[in-house]
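>
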Amino acid sequence: MDFFRTTNVSYFTIPVCWAISLAPRVYSSKGYKKATGKAGFDGRHPRDFKDKIASDPALDSATKGRLIRAEAAVANGFENLGLFAAAVAAGNSAHLDAGLMNTFSIAYIVSRFIYNHIYIYNDTVQLAGMRTVCYTGQIIGLMFVFIKSGLKLNGA
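Per the working numbering, the very first residue in the sequence shown carries number 7; after that it's consecutive.
Right, here's the structure in full:
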């Protein structure tokens, strides 16, 4: 484990986070094609895919809900990717400990994976609550790194 205390891998987690943010799109596109036999995601009109799923009568309600939630997970992932990348950059520019940055960034990646899974397969109020807990933990982690960076840069 000395490797993770001495070798900072946090910058490498940014592309991993991007891939995890994109993964639900692959799931929804393949799922749509499998369920309907029609072409899935159309790159010419990327923001129309959710409406395409919602309005397709060939999809049963459970599949439709899962695919729409996958699209929402994509949006949430990309909405938060910049904040994650900024936190990684802030922590590294403040020369925060490699172990801290690795723990933060890897925990964030794991929580994004869990978040996506819960979001896509969520069909109960309890799972929705777990998704909120997961997301709140991510935001707390991000803010912790920003605050820790600011304090270190100000000599505190």
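The beta carbon of each residue, even a glycine, is placed where N, CA and C say it ideally should be.
1) Where do the ends of the alpha helix (DSSP H) carrying residue 30 lie?
2) Is it the case that the Cβ atoms of residue 34 and residue 85 are separated by a distance below 8 Å?
3) Which residues mark the beginning and the end of the alpha helix (DSSP H) in which residue 15 is found?
4) Looking at C-alpha atoms only, which residue of 139, 14, 154 and 31 is the closest neighbour of residue 56?
5) Leaving out the 5 sequence neighbours to the left and right, which residues in its chain are closer than 6 Å to residue 96 when beta-carbon positions are compared?
6) Rounded to whole angstroms, what's the CA-CA distance from residue 15 to residue 104? Just pull it up for me.
7) What's the gap between the Cα of residue 157 and the Cα of residue 18?
8) Would you mind sorting residue 149 into buried or exposed? The rule is 16 or more other CB atoms within 10 Å of its CB.
9) Does DSSP classify residue 8 as helix, strand or coil?
10) So for residue 46, helix, strand or coil by DSSP?
11) Distance, Cα to Cα, residue 131 vs residue 81?
With the structure as the only source:
1) Taking the sequence shown and counting its residues from 1, the one referred to as residue 30 is at position 24. It spans 19-42 - the alpha helix (DSSP H) in which residue 30 sits, taken as one unbroken run.
2) To locate residue 34, count along the sequence shown from 1; it is residue 28. To locate residue 85, count along the sequence shown from 1; it is residue 79. Not in contact: residue 34 and residue 85 (Cβ atoms no closer than 8 Å).
3) As a working mapping, residue 15 is identified with position 9 in the sequence shown. It is not in any alpha helix (DSSP H) - residue 15 carries neither H nor E in the DSSP assignment.
4) The residue you call residue 56 lines up with position 50 of the sequence shown. Distance from the Cα of residue 56 is smallest, within the candidate group 139, 14, 154 and 31, for 31.
5) Walking along the sequence shown from the start, residue 96 turns up at place 90. Excluding positions up to five away in sequence, the list reads 152 and 155.
6) On the sequence shown, position 9 is the one that residue 15 refers to. On the sequence shown, position 98 is the one that residue 104 refers to. Those two C-alpha atoms are separated by around 8 Å.
7) For the purposes of this step, residue 157 is identified with residue 151 of the sequence shown, where counting begins at 1. For the purposes of this step, residue 18 is identified with residue 12 of the sequence shown, where counting begins at 1. Approximately 24 Å, taken between the alpha carbons.
8) The count along the sequence shown starts at 1 and reaches residue 149 at position 143. For residue 149, the number of other beta carbons within 10 angstroms of its own is below 16, and it is reported as exposed.
9) For the purposes of this step, residue 8 is taken as residue 2 along the sequence shown, with counting starting at 1. In the structure shown, residue 8 adopts helical secondary structure according to DSSP, grouped into three states.
10) As a first step, residue 46 must be located in the sequence shown, where it is residue number 40. When secondary structure is reduced to three states using DSSP, residue 46 falls in the coil class, being assigned neither helix nor strand.
11) As a working note, residue 131 is residue 125 in the sequence shown. As a working note, residue 81 is residue 75 in the sequence shown. CA-CA distance, residue 131 to residue 81, rounds to 21 Å.
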